[in-house]
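Just below is one structure, and these are the notes that go with it.
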Amino acid sequence: MHQRPGFLLGVLVHAAGIQDADSAGALLTRIKRLYCWLRAIFADSGYNRMPVILACFLLGLTLIIVRRIAGGGFILVPRRWVVERSFGWFGWWRRLSKDYEECTDVAEAMATLAAIRIMLHRLVHPNRNRLPSPDF
Numbered sequence: 000m001h002q003r004p005g006f007l008l009g010v011l012v013h014a015a016g017i018q019d020a021d022s023a024g025a026l027l028t029r030i031k032r033l034y035c036w037l038r039a040i041f042a043d044s045g046y047n048r049m050p051v052i053l054a055c056f057l058l059g060l061t062l063i064i065v066r067r068i069a070g071g072g073f074i075l076v077p078r079r080w081v082v083e084r085s086f087g088w089f090g091w092w093r094r095l096s097k098d099y100e101e102c103t104d105v106a107e108a109m110a111t112l113a114a115i116r117i118m119l120h121r122l123v124h125p126n127r128n129r130l131p132s133p134d135f
């Protein structure tokens with residue numbers, strides 16, 4: 000089974016005072032239950048911390064850290080573009096373009112709805128690359 004890169008498998012929104020790497024274990028546990036075939040996780044260097052490494056070990060996942068290439072200007076880094084492209088897609092969703100939400104549950108729901116819209120568009124229009132902007 001081949002997954003198209005960049006589709007959202009899970010989302011976890013938390014308060015700004017919590018480091019992403021500290022709550023990654025909860026998200027990985029949730030994702031692994033739903034997608035038992037998952038074997039590898041690509042992450043940036045911010046996730047190269049003990050809580051993430053331990054969660055990956057306990058869940059049988061391989062953690063692959065994608066590091067930035069030193070140097071000036073734009074350099075395309077393999078696998079990193081998938082995340083950046085996904086953030087770009089979500090930026091078209093008005094509620095995700097700014098931090099409007101006060102409740103983390105609502106922010107998670109908005110990200111999930113945006114991902115569902117992107118996936119439905121891909122199913123209905125498999126040969127069209129650009130997603131029309133939402134009207135609401």
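Per numbering that gives the first Met the number 0, the sequence shown runs over residues 0 to 135. Glycine included, C-beta positions come from ideal geometry on N, C-alpha and C. What you are looking at is a predicted structure, and each value in this text was computed from that prediction instead of being measured.
- Quick one: any contact between the segment 92 to 111 and the segment 61 to 68, if contact means 3 or more CB pairs under 8 Å? No, the segment 92 to 111 does not touch the segment 61 to 68.
- Message: Less than 8 Å between the C-beta atoms of I30 and G9, yes or no?
- Response: Start at 1 with the first residue of the sequence shown, and residue 30 comes out as number 31. Start at 1 with the first residue of the sequence shown, and residue 9 comes out as number 10. Closer than 8 Å, so yes.
- How should L27 be labelled, buried or exposed, when 16 other C-beta atoms within 10 angstroms of its C-beta is the threshold for buried? Stepping through the sequence shown from its first residue, residue 27 is reached at position 28. Buried: at least 16 other Cβ atoms inside 10 Å.
- Message: Measuring alpha carbon to alpha carbon, tell me which residue in V81, A23, V105, P77 is nearest A54.
- Response: Here residue 54 refers to the residue found at position 55 when the sequence shown is read from its first residue. Looking at the Cα atoms, A23 is the closest of the given residues.
- Message: My output table needs one value for H1: the three-state DSSP class, helix, strand or coil.
- Response: The residue given as residue 1 occupies position 2 in the sequence shown. For H1, the predicted structure reports a pLDDT of 42, less than 50, and the residue's modelled location is therefore unreliable. A value from the coordinates is still provided. Looking at H1 - three-state DSSP - the assignment turns out to be coil, as it is neither helix nor strand.
- Please report how far the alpha carbon of F86 lies from the alpha carbon of L37, in whole angstroms. The residue given as residue 86 occupies position 87 in the sequence shown. The residue given as residue 37 occupies position 38 in the sequence shown. The straight-line gap from Cα to Cα measures roughly 22 Å.
- Item | Buried versus exposed, by CB contacts within 10 Å (16 or more), V123 | Within the sequence shown, residue 123 is the residue found at index 124, counting from 1. The residue in question, V123, is exposed, as its Cβ has fewer than 16 Cβ neighbours within 10 Å.
- Message: Taking the alpha helix (DSSP H) that L112 belongs to, which residues open and close that run?
- Response: Mapped onto the sequence shown, residue 112 falls at position 113. 103 to 123 is the extent of the alpha helix (DSSP H) around L112.
- Item | Helix, strand or coil at A23 [DSSP, three-state] | Translated into positions along the sequence shown, residue 23 becomes position 24. Per DSSP, reduced to three states, the secondary structure at A23 is helical.
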